[in-house]
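Under the UniProt record's numbering, the very last position in the sequence shown is 214; numbers go up by exactly one each time.
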Amino acid sequence: MRLSVLSALLLLPYLVVPAPAFALIDISPKEIVVQGKPATVQIINNGERPEYVSITLSRLLNPGVEGSSERLEPITLASKPILYAFPFRITLAPGQSKTITLKPLEEVQREQVYRLDVTPVISLKETEHRASSGNVLINLSFSGLVRQLPYAEKSRLAVTCEGSGALLAASGNVRYPVKGAKVDGSTVDPFNVYPGEPKLLKGKSISIPGQPSC
């Protein structure tokens, strides 16, 4: 059946879909360890256009929680930062990669955790150009995890049974990875417990490999 001219005109807005413009930036490695000396991370432009990129390093104040509950403190707001990232801004040609350096400013007594956020910056001129061409600009931020560790690592876990379940605390100076824990007979996904950030597992029966049951 042939469409009338009027029907074709009515359908036209639904057939023309603006193409989104993504910034194809990547970070390698995704988890960076800093222990007494500078460490490096590669920022890579996998896209087909040049990218102007902003880098932000923020200390994670409550490591081990869900991403939506994280509290972050940018190092630019810290009165005495103990880790520094540079440069803060770079320009990447298509297919190009550049190095970001993470430099410790002093030794830490227990593990500190940071987010390294890499955000493509879209200029006003480019925004106007994309809008006139019918494209949708999508400005995505990419994040890496940075662990600043003490020289001598001690990973230990203390379990305290409570009425509502088991309270887990990292009694060493670095995070303790919990694997194979069971709550009321069901195995929970692996998770980390960080020094100074106890975690409560709620349930009537808690078991963790190598630890007393509750």
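By construction, the Cβ of each residue, glycine as well, lies at the ideal position given by its N, Cα and C atoms.
Note that the coordinates shown come from a computational prediction; the quantities given were computed from them, not determined experimentally.
Check, Outcome
"Looking only at its chain, what residues have a beta carbon closer than 6 Å to the beta carbon of Leu116, apart from the 5 residues adjacent to it on each side?", "Leu57, Gly144, Val146"
"If you compare alpha carbons, which of Lys37, Pro29, Ile25, Asp26 is closest to Leu151?", "Before going further, note that residue 151 is Tyr rather than Leu in the sequence given. Of Lys37, Pro29, Ile25, Asp26, the residue nearest in Cα terms is Lys37."
"Excluding the five sequence neighbours on either side, which residues of its own chain have a C-beta within less than 6 Å of the C-beta of Leu24, listed in chain order?", "Asn46, Gly47"
"Looking at Lys103: is its Cβ nearer than 9 Å to the Cβ of Leu83?", "yes"
"When the distance is taken between beta carbons, is Pro195 closer than 9 Å to Asn173?", "yes"
"Per DSSP, which residues does Tyr151 bridge with? Please list them.", "Beta-bridge pairing links Tyr151 to no other residue."
"Please check the pair Ser54 and Thr119, which I expect to be a contact at CB under 8 Å, by giving their CB distance rounded to whole angstroms.", "5 Å"
"Here's the rule: buried if 16 or more other CB atoms are within 10 angstroms of the residue's CB, otherwise exposed. What is Val159?", "buried"
"Considering only C-alpha positions, which residue in the set Glu106, Arg156, Val41 is nearest to Ser171?", "Arg156"
"Could you check how far apart the C-beta atoms of Tyr52 and Val121 are, in whole angstroms? I think they sit under 8 Å.", "5 Å"
"On a Cα-Cα basis, can you pick out the residue from Gln112, Gly163, Leu168 that is closest to Leu200?", "Leu168"
"Hey, Val113 and Gln148: beta-carbon distance below 9 Å or not?", "yes"
"Is Pro50 near Pro94, with beta carbons less than 9 Å apart?", "yes"
"Within 10 angstroms of its Cβ, does Ala39 collect 16 or more other Cβ (buried), or is it exposed?", "buried"
"Less than 8 Å between the CB atoms is what I'm expecting for Ser184 and Ser205, so what's the real figure, rounded?", "Reading the sequence as shown, one finds Asp at residue 184 and not Ser. Asp184 to Ser205, Cβ: 5 Å. Contact."
"As an exercise, report each continuous beta strand (DSSP E) stretch of at least 3 residues that is fully enclosed by the region 43 to 69, in chain order.", "51 to 60"
"Please name the residue, chosen from Arg89, Ser213, Arg59, Gly203, that lies closest to Lys80 on a Cα-to-Cα basis.", "Arg59"
"Less than 9 Å between the beta carbons of Lys182 and Pro190, yes or no?", "no"
"Whole angstroms is fine: what's the gap from Ile100's alpha carbon to Ile90's?", "9 Å"
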